[in-house]
Amino acid sequence: SHDEDVIDFFRYLNGNGSGSGSGSGLESNPAAGDFLASTLKEDGAMHTLDEIISKITHFKSVYDLEVTKTDLKSLDEWVYTDTEIYHQDRMFFRVIPVDVEIGNREVQRWSQPMVQPAQEGLCAFVCRRIDGLLHVAMQLKMECGNHDVVELAPTVQTLTGNYKTSRPGAIPFLDYVLGAPEDQIVFDTMQSEEGGRFYQEQNRNMILILPDEPDIGGLDGQEKWVGDTGSGAAADILYMKELYGELPENYIWMTLNQLGTFLKFNNYLNIQARSLIAAISFR
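If you want it as structure tokens, here you go:
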């Protein structure tokens, strides 16, 4: 109950960022030992730091981003009025005006534009023990606004509208994340994002750990390991090969120790990956 008086400077918050159930991140984490070992151990990783940097550098040399300022009137699919700017299909986002008033700042009132997303996002780390050491499948992702073309992103980073309209398997690891057994989900919560520029943006943040590698050649009875796709045995074999086989070209397995190294530098890890790393519990 929230009926009792609240001490000055304390406030009740909604559930975002706190989570619920077995994957809240506020409860005891059965994978804490795996996370700790992956963070502290400097050797035993599948790839060296030099190999990771080489892969990132390769992608930066292959792709290029060009940003050009354009008059709003020239954007055929965007509509602007006195109160908002939005896509004609109500997709992506809209820009809205807000009046802000606060009593404990030097500037106590101002007006500003804010970006309001059209849908929630999904960000997930898919982890796997490789030679006994926990690794995360990191995605080299090119996004508008990246300062240096590509950044390391979560295994899955997408908008709900994108995966609800895409064909099965179009987004690597997504089918597993959406249908994973509960005992493989170690963190699952709604996370409110930066509120100074984005209006009520929130992502579903998840961390999952794949079980020890099953026998891909003998699927019978193995569906319970990673969930049944419901599409028949042949589809399930392909599904399991995606999880345990060779990663797509723009993915790489990294330990938490290696991620910690890249955290020290700008423009290597995107904000979604940083949020998931911050959510990892070692207890």
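Just add 1140 to wherever you are in the sequence shown, counting from 1, and you've got my numbering.
Ideal Cβ placement from N, Cα and C applies to all residues, glycine included.
Since we're looking at a predicted model, the values are computed, not measured.
(message) Just to confirm before moving on: does the CB-CB distance between L1292 and L1409 stay below 8 angstroms?
(response) It is a contact, given that the beta carbons lie within the stated cut-off.
(request) Please confirm whether any heavy atom of the ligand ZN lies closer than 7 angstroms to the CB of F1313. (result) Because no ligand of any kind appears in the structure shown, any question about the ligand ZN cannot be addressed here.
(request) Between the Cα of K1281 and those of C1263, Q1259 and P1237, spot the shortest distance and give me the residue it belongs to. (result) Out of C1263, Q1259 and P1237, the CA that lies nearest to the CA of K1281 is found in C1263.
(request) Report the residue from N1343, L1348, R1337 and E1333 whose alpha carbon sits nearest the alpha carbon of P1321. (result) Considering only alpha carbons, the answer is L1348.
(message) If contacts are defined as beta-carbon pairs under 8 angstroms, then V1255 and V1235 qualify, I think. What distance do you get, rounded to the angstrom?
(response) With a Cβ gap of about 6 angstroms, V1255 and V1235 count as contacting.
(request) With a threshold of 16 other CB atoms inside 10 Å of the CB of I1392, please say whether the residue is buried or exposed. (result) Buried, since its Cβ has 16 or more Cβ neighbours within 10 Å.
(request) Could you check if Q1279 is buried or exposed, using at least 16 other CB atoms within 10 Å of its CB as the buried criterion? (result) Result: buried.
(message) Only counting the same chain, and skipping five residues up and downstream in sequence, which positions put a Cβ closer than 6 angstroms to that of D1288?
(response) Here D1288 has N1407 as same chain residues with Cβ atoms under 6 angstroms from its own Cβ, once five neighbours each way along the sequence are excluded.
(request) Quickly, what does DSSP pair K1281 with across the bridge? List them, please. (result) The secondary-structure analysis by DSSP pairs K1281 across a beta bridge with E1291.
(request) Could you check the C-alpha separation between Q1342 and M1394 for me, to the nearest Å? (result) In a straight line, the C-alpha of Q1342 is about 26 angstroms away from that of M1394.
(message) Just to confirm, is the Cβ distance from K1404 to V1290 under 8 angstroms?
(response) It is not a contact, given that the beta carbons lie outside the stated cut-off.
(request) Taking G1324 as part of the beta strand (DSSP E), name the residues at either end of that continuous run. (result) A quick correction: the sequence has Gln, not Gly, at residue 1324. That residue, Q1324, is in no beta strand (DSSP E); it is neither H nor E in DSSP.
(request) Can you give me the Cβ contacts of F1175 inside the same chain, cut-off strictly under 8 angstroms, excluding the 5 residues immediately before and after it? (result) N1169, L1274, L1396, I1420, S1421 and F1422.
(request) Can you give me the Cβ contacts of L1425 inside the same chain, cut-off strictly under 7 angstroms, excluding the 5 residues immediately before and after it? (result) In the structure as shown, the chain starts at 1141 and stops at 1423, and residue 1425 therefore has no counterpart that could be examined.
(request) To the nearest angstrom, report how far apart F1233 and G1272 are at their CA atoms. (result) Rounded to the nearest angstrom, the two C-alpha atoms are 43 angstroms apart.
(request) Would you mind working out which of Q1340, T1179 and D1352 sits nearest I1417, comparing C-alpha positions? (result) Nearest neighbour of I1417 by Cα position, chosen from Q1340, T1179 and D1352, turns out to be T1179.
(request) Take the Cβ of R1268 as the centre, count every other Cβ of all protein chains shown within 10 Å, and call the residue buried at 16 or more, exposed below. (result) Result: buried.
(request) Give the DSSP-derived three-state secondary structure of N1169 in the structure shown. (result) If DSSP states are grouped into helix, strand and coil, N1169 belongs with coil.
(request) With DSSP as the reference, label H1187 as helix, strand or coil. (result) Secondary structure of H1187 (DSSP, three-state): coil.
(message) Between which residues of its own chain and G1400 is the CB-CB distance below 7 angstroms, once the five residues before and five after are set aside?
(response) Correct list, in chain order: T1179.
(request) Please report the residue range of the alpha helix (DSSP H) in which Q1259 lies. (result) Secondary structure note for Q1259: it is in no alpha helix (DSSP H), with a DSSP letter that is neither H nor E.
(request) Give the secondary structure of S1332 by DSSP, where H, G and I count as helix, E and B as strand, and everything else as coil. (result) In the structure shown, S1332 sits in a strand (DSSP, three-state: E or B).
(message) Bridge partners for P1237 per DSSP, in chain order?
(response) P1237 is bridged to P1253.
(message) Is it buried or exposed, T1295, if we count other Cβ atoms within 10 angstroms and call 16 or more buried?
(response) So T1295 counts as buried.
(message) I'd like the list of long-range same chain contacts for Y1203, defined as Cβ closer than 7 angstroms, with 5 residues on each side in sequence excluded.
(response) For Y1203, where only same-chain residues beyond five positions count, the Cβ hits under 7 angstroms are M1282, V1289 and V1290.
(request) Tell me where the beta strand (DSSP E) around T1298 begins and ends. (result) Where T1298 is concerned, the enclosing beta strand (DSSP E) stretches over V1296 to L1299.
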